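One line per chain: the protein sequences are A and B, in this order.
Adding 575 to a residue's 1-based position in the first sequence gives its number in my numbering.
Adding 31 to a residue's 1-based position in the second sequence gives its number in my numbering.
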Amino acid sequence: MRERTAAGEIDAVDRRIIDALQGDFPICERPYAAAAEALGIAEEELLARLQSLLDRKVLTRFGPMFQIERMGGAFVLAAMAVPEADWERVNDAVNALPEVAHNYRRESALNTPFNMWFVLATETKDGIPAAVGKIEAATGLPVYAFPKLREYFVEMKLSVRGAA
Amino acid sequence: MTAADEMEQLDRRLIVATQAGLPLVPQPYHALADQLGTTPALVMARLRAMLERGTIRRIGAVPNHYAIGYTANGMSVWDVPDERVDELGTRIGALDFVTHAYHRPRALPAWSYNLFAMVHGSSREEVLTKVAQIRELLGADCRASDVLFSTKILKKTGLRIAG
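Structure (structure tokens):
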């Protein structure tokens, strides 16, 4: 698997960078220099390694993670039960909407009929019912929205797996 | 335009300028200030303010889960009593292998689960072992549960707001 190859090229310094820099990146004049010093490497090396990790898609981004709800927007998980025979048509219709930020096919141990799970991201709260309406009109299938009623605090870090 | 409106507009422009990433140069906040026609001090002040308010959750590296060895991800879903969901969700969120935990509405009769916890691991077996630990923690409060594995990423563009 291609992703495996990328992970195989993560060396010990990359690993420390990924594990240490998943949050708390400094806001100061020379933030990469400050972060590099804490890691015991040079500023130029940190910059080069971050660029390489991004190029190799080990990191999907480096920067601020935004919570759009605080800017008046909305981010809502939704699901559909898509009949297998209709899969491709529905998938194309759902993915065509810019409001669909991620979309995953899922299967469960108990064979839940909900096999398509996507996240709707809109700039205003009213955008969510509008997007749901568009998907239902385009596909002829009901959309089940599961807005978060409460989010529980979680640690943000996933450490790099595999042999050190 | 009021000062508050101006700040909101600057915040919005900062989001648009950084949503793909922070510049990889020694002075990224200076580079953003040049790009937006403002001062590095104001860029840093607005980023700190957005962090404090929670508009920015954190600043740092966002790993590709697959590339760092988490090739299996399971969305575990649980039907627990509504009056217990906050206490149980808080305890599940504290487990080190849970990356997201949410209370969500049920969609009866099709969907009875009200607590969602995302579990990442190197294999389905590992994820299922961790899900079993959650099951144990919930004890008699667990009325039903399931775990949904992603089998295909159909789209992943992330959030993009217009510039």
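Glycine is no exception: its CB is placed at the ideal position from the N, C-alpha and C atoms.
Predicted model only: the values in this text are computed from it and were never measured.
I believe residue i touches residue j by the beta-carbon criterion, under 8 Å. Please report the beta-carbon distance rounded to the nearest angstrom.
| i | j | result |
| --- | --- | --- |
| VAL178 of chain B | GLY105 of chain B | 5 Å |
| MET149 of chain B | HIS131 of chain B | 4 Å |
| VAL111 of chain B | LEU169 of chain B | 6 Å |
| ILE745 of chain A | VAL651 of chain A | No answer is possible for residue 745 of chain A: it lies beyond the span of chain A, which begins at 576 and ends at 739. |
Quick one: what does DSSP say residue i is sitting in, helix, strand or coil?
| i | result |
| --- | --- |
| TYR727 of chain A | coil |
| GLY702 of chain A | helix |
| ARG636 of chain A | strand |
| ILE87 of chain B | strand |
| ASP110 of chain B | strand |
| LEU53 of chain B | coil |
| LEU185 of chain B | strand |
| ARG680 of chain A | strand |
| ALA148 of chain B | strand |
| SER627 of chain A | helix |
| VAL651 of chain A | strand |
| GLY196 of chain B | The structure shown does not extend to residue 196 of chain B, since chain B spans only 32 to 194, so no value can be given for it. |
| ALA138 of chain B | strand |
| TYR60 of chain B | helix |
| TYR719 of chain A | strand |
| ARG596 of chain A | Correcting the residue type first, residue 596 of chain A is Leu in the shown sequence and not Arg. Reduced to three states, the DSSP call for LEU596 of chain A is coil. |
| VAL669 of chain A | helix |
Compute the Euclidean distance between the alpha carbons of residue i and residue j, then round it to the nearest angstrom.
| i | j | result |
| --- | --- | --- |
| LEU724 of chain A | MET646 of chain A | 18 Å |
| ASN145 of chain B | ALA611 of chain A | 43 Å |
| VAL93 of chain B | GLU118 of chain B | 29 Å |
| MET75 of chain B | MET81 of chain B | 10 Å |
| ARG88 of chain B | LEU625 of chain A | 20 Å |
| ILE680 of chain A | ILE99 of chain B | Going by the sequence as given, residue 680 of chain A is Arg instead of Ile. Cα to Cα, ARG680 of chain A sits roughly 21 Å from ILE99 of chain B. |
| LYS183 of chain B | LEU716 of chain A | 21 Å |
| HIS151 of chain B | MET32 of chain B | 47 Å |
| GLU37 of chain B | HIS96 of chain B | 38 Å |
| ARG84 of chain B | ALA35 of chain B | 15 Å |
| ARG8 of chain B | GLU604 of chain A | Outside the shown range of chain B, which is 32 to 194, sits residue 8 of chain B, and nothing can be said about it. |
| LEU629 of chain A | PHE637 of chain A | 8 Å |
| ALA62 of chain B | TRP662 of chain A | 46 Å |
| GLN164 of chain B | GLN58 of chain B | 45 Å |
| CYS173 of chain B | ILE123 of chain B | 13 Å |
| ASP187 of chain B | ALA654 of chain A | First, the amino acid is wrong: residue 187 of chain B is Lys here, not Asp. Approximately 16 Å, taken between the alpha carbons. |
Residue i: beta carbon under 6 Å from a heavy atom of the ligand NAP?
| i | result |
| --- | --- |
| TYR607 of chain A | Inclusion of the ligand NAP in the displayed structure is not the case, the ligand content being empty and no account of it being possible. |
* Positions along the segment 67-91 of chain B whose CB lies within less than 7 Å of some CB in chain A -> MET75, LEU78, ARG79, ARG84, GLY85, THR86, ILE87, ARG88, ARG89, ILE90, GLY91
* **Residues, ordered as in the chain, of the segment 682-708 of chain A that lie near chain B by beta-carbon distance below 8 Å** => GLU682, SER683, ALA684, LEU685, THR687, PRO688, PHE689, MET691, TRP692, PHE693, ALA696, GLU698
* Stretch-stretch touch, CB-based, cutoff 8 Å, three pairs: the segment 663-672 of chain A with the segment 625-638 of chain A -> no
* Can you list, in chain order, the residues of the segment 158-169 of chain B whose Cβ is nearer than 9 Å to any Cβ on chain A? -> So the close ones are LEU159.
* Asked: According to a CB-to-CB cut-off of less than 8 Å, which residues of the segment 587-610 of chain A neighbour chain B?
  -> ILE592, ILE593, LEU596, GLN597, GLY598, ASP599, PHE600, ILE602, CYS603, GLU604, ARG605, PRO606, TYR607, ALA608
* Looking at chain B, which residues of the segment 622-652 of chain A have a Cβ within less than 8 Å of any of its Cβ atoms? -> LEU622, LEU625, GLN626, LEU628, LEU629, ARG631, LYS632, VAL633, LEU634, THR635, ARG636, PHE637, GLY638, PRO639, MET640, PHE641, GLN642, ILE643, ARG645, MET646, GLY648, PHE650, LEU652
* **At least three beta-carbon pairs within less than 8 Å, the segment 47-60 of chain B to the segment 686-704 of chain A** => No, because fewer than three Cβ pairs between the segment 47-60 of chain B and the segment 686-704 of chain A fall closer than 8 Å, the two stretches do not touch.
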